[in-house]
Structure formats: C-alpha cells, structure tokens
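Counted the way my numbering counts, the sequence shown spans residues 6 to 709.
Ideal placement from N, C-alpha and C gives every residue a C-beta, glycine not left out.
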Amino acid sequence: MWNWILMLALCAVWQEAPAADAKSPQLSLTDSYSLKWAALDNPAALRAWAREQMSTLDPATQGSLWVQAVAAYLRVRDMGDNDAEQRQLLSQALELSALYLIPHDALYTLKTTQMDLQMIEDHGVGAVLAPTLRDRLFQDKVNLADQLKLPGRKAQISLEWGQFMLESGRDGEGIKKMHEAMRELNKASDVTDLEIMQAKQFYAGGILNIQSNEKSKLIYSELGRFCEVRKPRNFCLIIDHDYAYLLLADDSPANLQAALDVLTRALAGAEELQDENFVAIISTSMIRLLDKMGRNDEALQHGMRAMSIFKKYNDGVWLADTQRKLSKIYLNLNQPDKALELLHVARKSFPKDYFWDHAQISLQQARAYKMLNQPKKAFDAMSDYAQALRENASRNQNTDIAQNLTQINLEMEEEQSRSLTQAEQLQKIQAQLDAANRIEQEETLLLINGIWVASGFLILTGIFGLVWIRQQNRRIISLNRHLREDVLQRFLPPVIAERVAHGQAVLDETPHEQDVTALFGRLVNLEHAIEELGPRVTARLLESLMQAVTDVSLEHKGCLDKLHRGSFLILFGAPIECSPEEQIQQAIAFAHSLQQRFEEIRESWPTVEGWRPGLAIGIHFGNALVGVFGGKRRADYTAVGQTVNLAARIEGEAKSGDILVSENVAEMLGVEHCRALGDVRLKGISKAQKLFSVEPIKVVRNAS
C-alpha cells in the first residue's frame, strides 16, 4: 500500500503555523521550542547567547543548566569550530549528564556531536567519507533518536540521509528513505510546527534534486507562507535558495530573472547573518544561474568567492562541486586550459562512487580538449563519460522510476524490483540463443554419425531418428523465431536483433561515430492527469501510445532507442547508415504518421478536466557515438553526444502538437515546409539555436 502511504505523507493535515502576530519566543535553556526557533532564525546569535550562558553558570552547582547550555551551543555547529575546544566541552558535559536528568533533545545533540567529532578524529578534518561510512553514521543517529523517542529529530536525520543518498546517485534508496521518514513523522503526535516545517523543507529539497514537479511547488508555497508569517531568517534563506532551483526547472528569461532576484535576496540575508557557509553555497548556485544567463564575468566572481570559503574550511566535496561548475565558465570564456586544471583537481576530491559528478567532469574535459583541437583526448574523455553514466545506471537501476515516485507511487518501484531488468533479459536471451545453436550442432552430428550405423539398425533408427531430428529442428526454428520476433526485438532495433539471432553480431559491439538524426517525443502534461487516472489506467494509456510508437518506427525504418513513461527516442540512420536527406525524410514522415496515429488512439482515452493529450516532438541531425554500451552483465544499444542532447532540448521547447527541428534539419527538409521561430535559448545549451516548426506537409509513408 505504498501509494496510500505516500499520499498520506504528502497530503496529511499538519499543525497550522502560528498567527501573524505571534512573537519570537524568549530564549530559555528550559524551553526547547525557543532553542529550536533560534536555530532556524539566527544560529550565530544562538551560539553567542549559549556561550554567554555557559560562562555565567557554575557546572559544579548548576550542572544541568550548564550541560543544556553546551548542547544549545553545539546544536548549530559552525565550519570554523575549534574541534579541540568542542571535545573538551563535550567530554565535561557528557560526564555531568550522567548525574542529572537532561532533556532528551539536549542529550541527542551531545551524543551526535560526539559521533561527528569521532569521525573527524578517525578520518581527518575535511575528509570525504565513503558512502558506507556516512551511512553507518546516519544509521547510528537514527537509532539514537529512536531510543530517545525524538520523532522530530529522527525524521530530520532520516531526511538528511535520504538527501545524501540522492547526492551520491542512489535515487531509489534516497526517495524511499525520505518517504519513510515523512510517513513516520505523520504518525507522531509530539512534534512541533518548527520540526514539521523543517521536515517539509528537507523533503521538498530532496524531490527537487530528482525532478521539479507540482508537489514540490505546493510544498514550497506552504513553506513560503510560513516564512511570511513567522520570518525565521536562516530557515527562509534555505527556502529561497531551494525555490530558486525550482524556478530553474523552466529556465525562461522571466524565471531566470526571478531566480536571480531570489538568490540575491538570500545572499544578502546570509551576509547579514554572517553565515559564511551559506554565502558560499548560494555563490555556487549563482554560477549555474549566471551561466544560463550568459553573464560569465559575474559567475566567475561568485565562483572565486565560494572557492575561497570552502578552501578556508577545508570542505572538499563542496569545493570540488564549485570547481566543476566554474570550469564551465572558463570554457564559455574560451579558456580551456584553466578549465582542465580545475577539473583535474575536482576529480581528485570526489569519491570514486560519485559517478554522476565524474561523468560531468569527463563531459567538460571532452569539451575542453575539443577546443584545444586534441580529438584523441576528447574521444577518451567522452568514453569516460559514457562509462561513468553506465556505472551510475548499473548501481541505480530504478532511477527513472524514482524520478517520478511523487506522481505515480512506490508500488511501481516494488513491481520493477520484482521483474528482470532489460540487461538481464538480454543476457538471458543470449544464453538461450547459444543453447539453441549448440543443440542444432549436436543434432547435425547425430544425423551424420547415424549414416555409419549397421544396415539393419540403420533403417530402424534412421526412420525414428530423422523424425525426431525434424521435430527438434522445428522446435529450434520456432525458438529462434520467438527469441527474434517476440523477445529480442522488444529490446533491440530489428536489424540488430536479426544479426544477434543469426550469430552475426553480439550484444557488446564497440560503439562508433556516425551521422544520425535523433528524434525525441513526449506525451505533454502527463503529470496533470496521473493523480486523476491512477497508475493502472495511466499504464494502459501509455501502453497504447508505446505500441503506436513501436509500430510507426518500424514502418519508417526508425531505430527505437528509449521508450519510457510517455517519452521516446528514435534514431534514423543507425544501425543501418543512409544519407542525411533520407534520414530527415524518414524522421519527418515518422513524426506526421505518429501524430495521425495518436489522434486515432486518444479518442478512446478517458477525459480528464484541463488535459488534452498531445505529442511534442524535437528533431536534430549530427554526429553521435552509436552502438551497444555496457558490459557483460548490462548493455544497451543507444547513441550519446551533443546531437542527442540538443534533440532532447528542442523537444523540451515543443508544445502539444509541435514538431520542432534544428536549423540543419530545416535546411535539408526545405525551408518552404518550415516556419522560422528565431533564436531560442535552450536549457543547458550556452548558444542560442535557430529553431523551426514543421508545417503540416503531405508525406509519403515508408519514404526512402
């Protein structure tokens, strides 16, 4: 019943925020709510106040209050903290806590600080811990919160754990961990409005890392109203920062400017609170935003500021992340040598299993080597990029499903885990083909050897033997036909499937460069209808759409590459090469035929208010690396490179019913059949692209 659990976690009625005239509580060591409030409002002020309390209290006679003052001081640790001083304070506080009845919230702070300091002592300041060590630390903190019966603290640390899983590429685990935390918090009765808001912030930030969606927008709207009413300054800085990322999901000029306004406000707030850590984090986010806006010099200034702060506090991963983002700015400024220098340093700081970050570094290196006219190194970097993506996919098989859990539900993830992956199916198919070929060879030998059997026995056994061999041959032919037509062609392009079935190709052929036409398409605004339709009805609709995509791609000699949840990628010109003009004709014919077929099938779809189903299509022609990517256990026939990326970005710009093409496609198609849309800034593409909309021309089916 994961779907109901998820909806309860998202839609449950939470305690309402205090009224607009509510005042900030007066700080008191005996009032845990006031300490929680101060931690969200001004951590530096809380630390200063707690240190003052420690100096005025006598540990010998006021041990309980002194211990609570230490806990308040340690509650909001700073990057510049003196670890030796903290260890001394902590040791004394833990000794006294055994003599007094200390509130569980304060005790949790002391013991988790002890865990953190022990980890630093074992591995060094600023050390980048392996995910297994971080997981163990998170688990210990969760167990402690459970033991002390602190549901708010348990939810917070569980959500932090989920976010860490997302950052390290374990999307499925991370989303599941965050949903479990929200579910448990929803059942708890002794949590405050501050803990609820903080949990929602962690949750929304986590799903925002995966995919921006309506659920995260709703949560951020609620968090924004809470900030307007209560105004906890440090907490609202985090909300502003995350909301800016939400705006970047649709990087239109208006959204980019709105995001810049929000981040500028957050940066000013962080400077006012003298929070260097957050100043650096916001500055790093500014790099990404200003890169999209083409304001490279300003991005460079923010990047330098962030790097100086992270170096000061020896924060390795954040420093590496800043260096990676800053390298792109140097590439924009045509300074590939500086970019490569930063990327080399950044790669050393990221743990080996941060596959996505290593993939991005390789991609930037390829771009830099291309600018330096070093094609061999550029190709090697692209190979590293593809390998990192494969490793990330191998470790996180359910990433695509995890990206959409907030719309569908965790039940689909559980169903996916019970079924074989595509690579496992292909592996099984290859084994079946090998077995069938061995049987065929053995039976041929039987027939040959049978000729030399004695004459009387030969007649008897020959008759029955030939009948048996014919039956086995028919079985083999049937098996090969089933594997080729019913199984292999579900996962591979038909031409590749035929070659594999006949032993002319294997599932790990080396990728190679060639010119292809990439066509991306998607079902528009599917998220709007999912909650209304439910997962089962949605699955049936998508099945009918995907069947249409498959049929039409075969009719127009397209290679069906990706097929997932209303989105698809079709390649023309691979695996069978043909001229660019033929590729374009086939792609346009496919697009029109599919639009026509879709008009027919959607007539039987149920009606959802505010949703008219439609297809959006984007097409681009260029060079790509094409072939079977993967190893012995996982493999996939696909294409990678800027051509595929640009086609995806063009599709992202398309609206319902649109067929948008790049400039080179329009030129080969004939501009008389296209309508110019002018220069368009595409998400993730630094240079504006000339786009064209294909007019409804008459096309010939199966054109060649």
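Tell me whether residue i sits in a helix, a strand or coil according to DSSP, three-state version.
{"i": "THR643", "result": "strand"}
{"i": "ALA681", "result": "strand"}
{"i": "CYS241", "result": "helix"}
{"i": "GLU582", "result": "coil"}
{"i": "PHE143", "result": "helix"}
{"i": "ASP195", "result": "coil"}
{"i": "HIS307", "result": "helix"}
{"i": "PHE355", "result": "coil"}
{"i": "HIS561", "result": "coil"}
{"i": "ALA386", "result": "helix"}
{"i": "LYS695", "result": "strand"}
{"i": "ILE655", "result": "helix"}
{"i": "GLN67", "result": "coil"}
{"i": "ASP326", "result": "helix"}
{"i": "LEU223", "result": "helix"}
{"i": "GLU518", "result": "strand"}
{"i": "VAL81", "result": "coil"}
{"i": "GLY129", "result": "coil"}
{"i": "SER163", "result": "helix"}
{"i": "LEU2", "result": "Here the chain comprises residues numbered 6 to 709, so residue 2 is not present and cannot be evaluated."}
{"i": "GLY299", "result": "coil"}
{"i": "LEU112", "result": "helix"}
Cα separation between residue i and residue j?
{"i": "ALA254", "j": "SER69", "result": "49 Å"}
{"i": "TRP71", "j": "ASP145", "result": "26 Å"}
{"i": "PRO516", "j": "SER584", "result": "20 Å"}
{"i": "MET387", "j": "GLY662", "result": "34 Å"}
{"i": "LYS316", "j": "LEU305", "result": "16 Å"}
{"i": "GLU700", "j": "SER598", "result": "14 Å"}
{"i": "ARG227", "j": "SER354", "result": "Sequence check: residue 227 is Glu here, not Arg. Roughly 37 Å between the two C-alpha positions."}
{"i": "LEU122", "j": "MET309", "result": "29 Å"}
{"i": "ARG570", "j": "HIS561", "result": "22 Å"}
{"i": "LYS154", "j": "GLN161", "result": "13 Å"}
{"i": "LEU51", "j": "VAL284", "result": "19 Å"}
{"i": "ILE366", "j": "GLN328", "result": "10 Å"}
{"i": "ALA65", "j": "ALA98", "result": "11 Å"}
{"i": "LEU34", "j": "ARG56", "result": "12 Å"}
{"i": "VAL685", "j": "LYS660", "result": "14 Å"}
{"i": "GLY689", "j": "THR289", "result": "17 Å"}
{"i": "ARG175", "j": "THR137", "result": "12 Å"}
Judging by CA-CA distance, which residue of the options is the nearest neighbour of residue i?
{"i": "LEU199", "options": "CYS232, TYR113 and HIS597", "result": "CYS232"}
{"i": "ALA390", "options": "MET376, ALA544, TRP361 and THR66", "result": "The sequence shown places Tyr at residue 390, not Ala. For the residues MET376, ALA544, TRP361 and THR66, the minimum Cα distance to TYR390 belongs to TRP361."}
{"i": "GLN694", "options": "GLN590, GLY675, GLY623 and ARG617", "result": "GLY623"}
{"i": "ALA393", "options": "GLU672, THR648 and LEU368", "result": "LEU368"}
{"i": "ASP266", "options": "TYR250, ALA311 and LYS205", "result": "TYR250"}
{"i": "ASP245", "options": "THR61, ARG607, SER194 and THR269", "result": "THR269"}
{"i": "LEU324", "options": "ARG352, LEU345 and LEU338", "result": "ARG352"}
{"i": "ALA681", "options": "ILE690, SER698 and ALA344", "result": "SER698"}
{"i": "ALA275", "options": "ARG300, PHE240 and GLU346", "result": "PHE240"}
{"i": "GLU604", "options": "ALA553, LEU294, ASN260 and LEU138", "result": "ALA553"}
{"i": "HIS678", "options": "GLU532, GLU277, ALA594 and ILE690", "result": "ALA594"}
{"i": "ASP247", "options": "VAL350, ARG235, LEU272 and SER257", "result": "LEU272"}
{"i": "VAL649", "options": "PRO356, GLU518 and GLY321", "result": "GLU518"}
{"i": "LEU252", "options": "LEU294, ASN282 and ARG230", "result": "LEU294"}
Here's a check: name, in chain order, each residue in its chain whose Cβ is nearer than 6 Å to the Cβ of residue i, leaving out the five neighbours to either side.
{"i": "VAL196", "result": "PRO156 and GLY157"}
{"i": "GLY179", "result": "GLY167, MET170 and LEU171"}
{"i": "LEU568", "result": "MET551"}
{"i": "THR114", "result": "ALA76, LEU79 and ARG80"}
{"i": "ALA111", "result": "GLN73 and ALA76"}
{"i": "GLY615", "result": "none"}
{"i": "PHE207", "result": "LEU164"}
{"i": "PRO341", "result": "ALA373, MET376 and LEU377"}
Closer than 7 Å by C-beta to residue i: which residues in its own chain qualify, once you throw out the five before and the five after it? Chain order, please.
{"i": "LYS333", "result": "ASP296 and GLN369"}
{"i": "ILE589", "result": "THR522, PHE626, VAL670, MET673 and LEU674"}
{"i": "PRO618", "result": "LEU528, ARG607 and TRP610"}
{"i": "GLN58", "result": "LEU34 and ALA74"}
For residue i, which residues in the same chain have their Cβ closer than 8 Å to its Cβ, ignoring the five residues on either side in sequence?
{"i": "TRP42", "result": "SER29, PRO30, LEU199 and PRO237"}
{"i": "ILE655", "result": "PHE525, GLY623, ILE624, HIS625, LEU665, VAL666, SER667, LEU687, GLN694 and LEU696"}
{"i": "VAL147", "result": "LYS159, ILE162, SER163 and TRP166"}
{"i": "LEU336", "result": "ALA344, GLN369, ARG372, ALA373 and MET376"}
{"i": "ASP405", "result": "Annotation note: pLDDT 40 at ASP405 (below 50); position unreliable, coordinate value reported separately. Correct list, in chain order: HIS569 and ARG570."}
Taking the runs of the alpha helix (DSSP H) that are 4 residues or longer, which of them lie wholly in the region 523–557? 531–538
Could I get the ranges of all uninterrupted beta strand (DSSP E) runs contained in the region 228–289, with 3 residues as the minimum, in chain order? none
At what residue ranges does the region 562–628 contain a whole run of the alpha helix (DSSP H), taking only runs of 4 or more? 585–606
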